[in-house]
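Quick note on the numbering used here: the sequence shown kicks off at 47 and runs consecutively. In this text, a Cβ means the ideal position worked out from N, Cα and C, and glycines have one as well.
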Amino acid sequence: MYDVAIIGAGIVGASVARELSRYDLKVCLIEKENDVSEGATKANSAIVHAGYDPEEGTDMARLNVRGCHLTEVYTKELDVPYKKIGSLVVAFSEEEMEHVEMLFHRGNANGVPDQKILNREELLKMEPNIGDTAVGALYSPSAGIVGPWEFTIALTENAVVNGVELLLDTEVVDIKKEEDVFTIYTANAELDPIQTKYIVNAAGIYSDAIMNMVGEQEFKIRPRRGQYFVLDKSQGELAHHVIFQCPTALGKGILVSPTVHGNLLVGPDAEDNVERDEIGTTKERMDYIRETADKSIKGINYRESIRNFAGLRAQSDRSDFIIEEAKSVKGLINLAGIKSPGLTSAPAIAEDAAEILKNIGLEMNKKENFNPTRRQTHFMSLSPEEKAAKIKEDPKFGRIICRCENITEGEIVEAIHRPVGALTVDGVKRRVRPGMGRCQGGFCGPRVLEIISRELDLPLEDIMQDKNGSYILVGETKNRGEE
Ligand SMILES: Cc1cc2nc3c(=O)[nH]c(=O)nc-3n(C[C@H](O)[C@H](O)[C@H](O)COP(=O)(O)OP(=O)(O)OC[C@H]3O[C@@H](n4cnc5c(N)ncnc54)[C@H](O)[C@@H]3O)c2cc1C
47 MYDVAIIGAG IVGASVAREL SRYDLKVCLI EKENDVSEGA TKANSAIVHA GYDPEEGTDM
107 ARLNVRGCHL TEVYTKELDV PYKKIGSLVV AFSEEEMEHV EMLFHRGNAN GVPDQKILNR
167 EELLKMEPNI GDTAVGALYS PSAGIVGPWE FTIALTENAV VNGVELLLDT EVVDIKKEED
227 VFTIYTANAE LDPIQTKYIV NAAGIYSDAI MNMVGEQEFK IRPRRGQYFV LDKSQGELAH
287 HVIFQCPTAL GKGILVSPTV HGNLLVGPDA EDNVERDEIG TTKERMDYIR ETADKSIKGI
347 NYRESIRNFA GLRAQSDRSD FIIEEAKSVK GLINLAGIKS PGLTSAPAIA EDAAEILKNI
407 GLEMNKKENF NPTRRQTHFM SLSPEEKAAK IKEDPKFGRI ICRCENITEG EIVEAIHRPV
467 GALTVDGVKR RVRPGMGRCQ GGFCGPRVLE IISRELDLPL EDIMQDKNGS YILVGETKNR
527 GEE
């Protein structure tokens with residue numbers, strides 16, 4: 047019997063798992079996909095928002111500001127890429143300047159540190175490529191950028207090292223409650239039904255479905271799609287901060303931002319009335335994003351675009367995050383409607399979840415041996431002496447597999463054998479980046495496939511690109527079968 051079963055291994059579920067792993071508890075983290083971070087956490091703007099955007103007095107405002115601080119602390123503890131580059135909300139008219147002032151006051155009320163309103167000259171000094179019609183901006187130095195899937199993988203690894211059980215390929219299909227015990231039924235044929243005293247529902251756009259399995263319909267989730275361009279590192283220097291336009295009723299609008307790895311990200315739009323599996327991009331929307339972004343930053347060369355993608359925000363029928371014990375089911379904690387700034391807020395949402403569990407009766411005693419740290423090898427950032435020592439120890443560190451990102455075979459092998467190891471080509475890509483570069487895996491993809499097959503002792507045909515069913519090799523081309 048588990049004390050707590052967390053459903054959903056996105057940034058929210060992973061943060062809760064790591065938070066609960068500080069205590070003497072039996073906890074499992076249940077995920078329907080074959081890896082963590084496969085939902086909204088895989089496809090977003092990767093911004094650590096400062097916290098001027100949510101309305102004063104909301105959970106969103108409180109958790110955003112706290113989460114922004116905790117993200118800085120946790121990414122250091124867990125060796126996750128993070129850069130505190132600051133954000134700019136740019137005004138393109140005097141009316142928009144009034145909006146910027148409103149955001150400045152709201153940010154101050156929410157506790158955002160060190161904000162400043164800039165005039166055009168000050169803005170130009172910080173961003174020489176800013177659009178010609180920009181008149182000023184709100185500067186928030188506490189904002190940053192992060193690797194969202196790297197963060198989720200690191201949080202999960204750390205939770206597992208501290209005793210949490212991760213159950214992948216385990217889709218929750220039904221939940222029953224008798225007396226004080228939940229029984230969770232899953233689509234994983236190798237697993238008996240899971241018994242637990244408490245459930246944390248962190249299932250993203252499916253969190254309403256989880257709620258409805260065991261209680262009344264307390265909220266509805268409507269996906270809101272956002273699409274993006276990822277541009278090659280040749281464009282990465284065009285902007286030095288996260289550059290927003292003034293927000294609208296549909297959200298924070300189109301941004302231009304460097305990524306933690308030096309690419310340029312442009313997007314997202316906001317589109318309602320999409321299905322929960324509609325994560326494709328459309329020409330019409332991409333054209334709109336390009337035209338809108340050109341107002342913010344001059345000279346972006348879209349011929350240098352290396353990938354497009356879309357993500358689904360978990361928009362609920364309430365305006366704030368839903369962070370509460372379900373009204374119709376005692377012991378079920380909903381962490382739902384976690385739209386933006388959910389990535390930023392997740393570490394703080396996890397603290398709230400732990401507090402709720404404690405308040406409703408879970409006995410929580412801190413572990414003495416909790417290990418808050420995690421490290422992985424970044425071969426290219428080692429000194430020449432360290433590199434030589436590493437290659438001597440294991441010659442696989444002397445063989446470059448990904449030429450775009452300079453990733454060694456040693457790092458890939460390490461990623462496969464870590465506590466939450468990569469099982470797929472994209473799983474390796476999200477952990478150590480082969481395939482993230484300009485050629486998008488054209489050169490290194492087949493090598494990564496061979497390495498996974500060798501290391502996991504699985505036939506090549508069994509290795510997937512990403513989600514279950516995404517087979518890469520389906521048969522031998524020269525095998526003509528029986529003639
Ligand atoms: C376009 C876009 C841009 C955004 N930009 C930002 C940003 O810049 N900054 C920011 O702070 N936030 C941003 N966000 C919000 C942020 O991405 C989300 O708030 C966050 O990723 C939500 O995490 P989650 O763990 O709740 O959900 P998810 O990452 O979706 O995780 C839910 C998990 O539950 C699993 N699951 C679902 N059903 C089941 C089931 N039945 N059984 C088992 N597992 C199940 C899913 O497979 C998934 O892995 C953005 C979101 C989008 C879509």
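Annotated three-state conformation of E317 is strand, per DSSP.
Short note on H95: C-beta closer than 7 Å to some heavy atom of ligand 1. Within the segment 174-248, the complete alpha helix (DSSP H) segments at least 4 residues long are 194-207, listed from N- to C-terminus. Residues of the same chain with a CB within less than 7 Å of the CB of E84, apart from the 5 flanking positions on each side, are K513 in chain order. Counting only the Cα atoms, P100 lies some 5 Å from A107.
Put simply, the segment 446-457 touches the segment 469-480. At least three CB pairs are less than 8 Å apart. Counting along the chain, the unbroken alpha helix (DSSP H) around R477 starts and ends at 471-478. Annotation: the continuous alpha helix (DSSP H) that includes Y334 extends over 329-342. With a 10 Å radius around the Cβ and a threshold of 16 neighbouring Cβ atoms, P441 comes out exposed.
The C-beta distance from S253 to N380 rounds to 6 Å, short enough to fall under 8 Å.
By the Cβ criterion, the segment 199-214 is not in contact with the segment 304-323, since fewer than three pairs of Cβ atoms, one from each stretch, lie closer than 8 Å.
If you ignore the 5 residues before and after D278, its C-beta comes within less than 6 Å of the C-beta of E350, I352, R484, all in its own chain and listed in chain order.
Between S499 and P505, the gap from beta carbon to beta carbon is short of 8 Å. Rounded to whole angstroms, the Cβ separation of K266 and D363 is 5 Å, and the two are in contact under 8 Å. If you look at K438, you'll find it in the alpha helix (DSSP H) that goes 430-439.
The beta strand (DSSP E) runs of length 3 or more contained entirely in the segment 106-181 are, from start to end of the chain, 133-137, 162-165. Per the coordinates, the alpha-carbon of I163 lies some 7 Å from the alpha-carbon of E147. Ligand 1 never approaches V62 closely enough for any of its heavy atoms to be under 7 Å from the residue's Cβ.
The segment 244-276 contains, as complete alpha helix (DSSP H) runs of 4+ residues, the segments 253-260 (chain order). For K78, the shortest separation between its Cβ and any heavy atom of ligand 1 lies below 7 Å.
Looking at the backbone, the Cα of Q161 and that of S429 are separated by about 37 Å. DSSP places T294 within a strand segment (E or B) once states are collapsed to three. One alpha carbon belongs to L213, the other to T232, and they sit about 11 Å apart. Sixteen is the threshold: when 16 or more other Cβ atoms of the shown chains lie within 10 Å of the Cβ of G132, as they do, the residue is buried. Between I53 and T87 a beta carbon distance of about 14 Å is seen, past the 8 Å cut, so the two are scored as non-contacting.
A distance below 6 Å between beta-carbons, with the five flanking residues on each side excluded, links A468 to the following residues of its chain, in chain order: A461, I462, V474, R477.
Restricting attention to L149, M47, T523, R421, the CA atom closest to the CA of D226 is found in M47. For N90, the shortest separation between its Cβ and any heavy atom of ligand 1 lies below 7 Å. Taken through DSSP and simplified to helix, strand or coil, T419 comes out as coil. In summary, K524 is exposed, with fewer than 16 beta-carbon neighbours lying within 10 Å of its beta-carbon over all protein chains present. At a Cβ-Cβ threshold of 8 Å, V466 and V206 count as neighbours.
Contact annotation: the segment 364-375 does not touch the segment 69-82, with fewer than three C-beta pairs closer than 8 Å. In the structure shown, M47 falls within a coil segment according to DSSP collapsed to helix, strand and coil. Per DSSP, the unbroken beta strand (DSSP E) holding S303 starts and ends at 301-304.
In this structure T179 is in contact with K341, their Cβ atoms being roughly 7 Å apart against a cut-off of 8 Å.
Note that the segment 305-315 does not touch the segment 153-160; fewer than 3 beta-carbon pairs, one per stretch, sit closer than 8 Å.
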